[in-house]
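Taking it in order: structure first as structure tokens, then the write-up.
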Amino acid sequence: MKSRRPACTPSPAYTLVEILVAMSIVALAIGAASQLSLTQSVAEDVTQKKSFAVNYAENLARIWQLAPRDLPGAYLLAQPNSDAVSFMSHYFDSNLSTSTVDNPAALGGGGDYGFDAYTVDRTNVRVTWSPAPGTTSNIDFPALRLQPARR
Amino acid sequence: MHATVPRSARRRGGALILALLFIGVVSAGFASWALLIQQRAGVSDLEEHQARKRLAAANSEIMVRDYMLTRVLAANGDDTLDGGAPGSNGASWSTSTTAVWKGSTLIDDTYWPSTTGWRGYALDSISWIGGINGFSPTYDYPYSKTLTFNANYKQLSFAGSAQEFPDDATTYRAYLRSTSPILGGDMLVLHRPNPAVTGNVAVQGRVVHFAPNLAASAYTARSQRFTSPGQVALTVVPASIAGGSLLVSNLPWTAVSSGNFSNPNIGIDPNPAISTDWRLPDYSGLLNVIDASSTNASNSLKSEVSANTSTIQATGTTDTLTFDSSRGLTVIGSTGVATISPCLGSSTVDLPNVVISNGLTEMIIDGQTGSNLTSYAPFRPAFAVVYTQDATVTGRNLTTIRLRNQNRRAMILALKKATRSPAIDHTINVIVESPVTDPTWRLIIIAENVPLNITYATSAIPLYQAATVNLVGGIQTDSPLIFPASPQLFEIQLETDTRGLLRLSPRLAWAETFLTGKL
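Line order of the protein sequences matches chains A and B.
Position one of the first sequence corresponds to residue 1 (our numbering), numbered consecutively onward.
Position one of the second sequence corresponds to residue 1 (our numbering), numbered consecutively onward.
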């Protein structure tokens, strides 16, 4: 007795062209996403570095305003990196305990003799950081503080 | 009859929909991630903005404080801020918007906000007779002074994007405050330059030491607390009441004024020809509160006490015999001996404030005994005795003060010798003559350029036997203090009945700032 096999009906499928088109689209999408991801990762890295630099600069300025005797070495909250990738450095410009008179009247000010600002110390805290290898950017924070006898 | 969709077509459509859904979900997730990263990038800009603003606000506070310390605490009298700068004889500054930082790369010096909103009075920095030594946020003149500064932070170097982060203002309110350190619990206040303390002294309160860099042997006091401004290294060794090690308070200090020192306008005022009447206070711990006639005449204990018409004023050189013995003051000009009785009893009128200028060799302060001591004197009004000695006048030199019996009338004894010239010995020997072993003196001693050598007399006739002297009040000085050696003891205790003393005691003044606006 002959066994009877069911009739073979070919199941429908995508054509090769359809698959190729779909794969191309997916490949393009993945490529674009990868590129965007790379860009975003770089941006995230820059953001992190800048965030760190801002905090670092603010800390420096605040510490300078608190005016410990020895600045900046022992009082820094973190040491800057100096490698080529995450380069960061800082400096204080000269602490101006100005002895010359900023004469408001002579400089066109009114009759207000007050706020003779030369009685305060001032500095500019600059933190140099590296958004990308080979490039640098500066953050400048000007800061004032009272002279020693008035702190 | 319905048209039948082939099964194969349904399968393909379903797969396509699933693929689209998958792609949609993935795209949405990816877009969210990208947006998040972008926002994080924006956060760093915001962080920088906030940091700049915080620093600008701090810079504003520095400017406000410096202005207060330079100009307002230096005020001499009640010059109105409305009509002129403090003590500047009406120089008009109240309506200007002055560029202060002109030429500086630090500051956008477009202008400093107008000061037209400032009203009221300047504050005397040292002593003031009258008022209450209290504090009210609304009206506390003459012991506090409120100024509101509109310190616009953008003018203090903020350089962010004006569109993204628009301009803003930071408002500070500044207070000038003052209080008597001794009545506040600083019962031994040691000012520069040479406040060496030796002998056996116990301070039941705080010691404030402006010159803690003296040799360790130059400080033997024991106290409950010890504090120092921290501008100089600590080399003295504070001790507790029990004699053990005492941890130094490291709380931050603020700049306090204990007198005006600098000549007027030197290096400060751009137009001294107009404003010639304000002085620069000292914030380094010097003391000049008794007679600041050369630097701030109206702002000293002597000038304020002298302004009261009831004050008895005498000179030890010319006033002979009795001056006002019925009230408790005798000055013998021929010998330079003055006897002061703080409280003679209920049958006499109270001794008022006394100012003696020059010519004394000896001062006897005769306290009370019996019921006068216990039941009457403690309730009489406080008074002050001020002795100032110009070293160039007569050659007489006050060398002895006798504290006889006990005293429970609140009293201030202010002693000043004009110079620290080595030509004369500035030391005054303070001799306690008490019939009891532990006499109590309600007394605040302020000594400028006057070292005090405190000893206890012991004798059988008359009977003097002090072993422990209790000083209810305190000592404020810039000169050495020598106390008796153990087993004798000098103990300083807090004066808690401050009613009259509040009006008489010289005070320290300082500035406080409060951030009252948003940041």
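Beta carbons: idealized from backbone N, C-alpha and C, even for Gly.
What you are looking at is a predicted structure, and each value in this text was computed from that prediction instead of being measured.
Which bits of chain A does residue i rub up against, with CB to CB less than 7 Å?
i: E47(B); result: S51 and V54
i: F30(B); result: A33
i: L20(B); result: Within 7 Å Cβ-Cβ: nothing; L20(B) doesn't reach chain A, min ~11 Å.
i: R520(B); result: As shown, chain B starts at 1 and ends at 519. That puts residue 520(B) outside it, with no answer to give.
i: L55(B); result: E58, A61, F141 and A143
i: Y283(B); result: A149 and R150
i: R192(B); result: Per Cβ cutoff of 7 Å: no residues; R192(B) is ~11 Å from chain A at best.
By DSSP's criteria, residue i is part of a beta bridge. Which residues make up the other side?
i: H49(B); result: Beta-bridge pairing links H49(B) to no other residue.
i: A384(B); result: I412(B)
i: G473(B); result: L443(B)
i: G259(B); result: N288(B)
i: F226(B); result: V207(B)
i: L247(B); result: The partner list for L247(B) (beta bridge, DSSP) is empty, contrary to what the question assumes.
i: T458(B); result: Q465(B)
i: V432(B); result: L403(B) and Y456(B)
i: Q313(B); result: V355(B)
i: E362(B); result: V337(B) and T400(B)
i: D186(B); result: R206(B)
i: D121(A); result: R145(A)
i: I482(B); result: T198(B) and N453(B)
i: K417(B); result: Q389(B)
i: Q368(B); result: Q406(B)
Classify residue i as helix, strand or coil using the three-state DSSP reduction.
i: G14(B); result: helix
i: F141(A); result: strand
i: F379(B); result: helix
i: E448(B); result: strand
i: W33(B); result: helix
i: V349(B); result: coil
i: R150(A); result: helix
i: I23(B); result: helix
i: R192(B); result: coil
i: I62(B); result: helix
i: R402(B); result: strand
i: L489(B); result: strand
i: N453(B); result: strand
i: S41(A); result: helix
i: P142(B); result: Caution applies to P142(B), whose pLDDT of 43 falls short of 50 and renders its modelled position unreliable; the model cannot decide the point.
i: A494(B); result: It is worth fixing the name first, because residue 494(B) is Leu in this sequence and not Ala. Coil, per DSSP.
i: L20(A); result: helix
i: A233(B); result: coil
i: I241(B); result: coil
i: Y219(B); result: strand
i: T198(B); result: strand
i: L147(B); result: Its pLDDT being 49, under 50, L147(B) is placed unreliably by the model, and nothing is read from it.
i: Y56(A); result: helix
Residue i touches chain A at which residues, Cβ-Cβ below 9 Å?
i: S249(B); result: By Cβ distance, chain A contributes nothing, its closest Cβ being about 17 Å from S249(B), past 9 Å.
i: A255(B); result: L146, A149, R150 and R151
By the criterion of Cβ-Cβ separation under 8 Å, what are the contact partners of residue i in chain A?
i: A51(B); result: V54, N55, A57, E58 and F141
i: N59(B); result: P142, A143 and L144
i: L69(B); result: L146 and R150
i: I62(B); result: Q65, V120, L144, R145 and L146
i: R507(B); result: Chain A residues near R507(B): none, gap ~19 Å exceeds 8 Å.
i: S258(B); result: Those within 8 Å of S258(B) in chain A number zero; the least Cβ separation is about 13 Å.
i: D478(B); result: What D478(B) touches in chain A: nothing, since even the nearest Cβ is about 16 Å away.
List, in order along the chain, the chain B residues whose C-beta lies closer than 7 Å to that of residue i?
i: T136(A); result: Within chain B, no residue comes near T136(A); the closest Cβ sits about 16 Å away, beyond 7 Å.
i: L36(A); result: A34
i: R126(A); result: Chain B residues near R126(A): none, gap ~12 Å exceeds 7 Å.
Which residues of chain B have a Cβ atom closer than 9 Å to the Cβ of residue i, listed in chain order?
i: L28(A); result: Here the premise fails: no neighbours, minimum Cβ distance about 12 Å.
i: L43(A); result: According to the sequence as given, residue 43(A) is Ala; it is not Leu. By Cβ distance, chain B contributes I37, Q38, R40 and A41.
Name, please, each residue of chain B whose Cβ falls closer than 8 Å to the Cβ of residue i.
i: T15(A); result: Result: empty, since nearest Cβ-Cβ is about 11 Å, beyond 8 Å.
Cβ contact check for the stretch 455-469 of chain B and the stretch 345-354 of chain B: 3 or more pairs under 8 Å: no
Segment contact flag, the stretch 476-489 of chain B with the stretch 184-196 of chain B, C-beta cutoff 8 Å, min 3 pairs: yes
Any 3 or more C-beta pairs closer than 8 Å across the stretch 230-241 of chain B and the stretch 36-53 of chain B: no
Stretch pair the stretch 405-414 of chain B + the stretch 445-454 of chain B: three plus CB contacts closer than 8 Å: yes
Cβ contact (3+ pairs, closer than 8 Å) linking the stretch 362-374 of chain B and the stretch 395-407 of chain B: yes
Stretch pair the stretch 126-143 of chain A + the stretch 242-254 of chain B: three plus CB contacts closer than 8 Å: no
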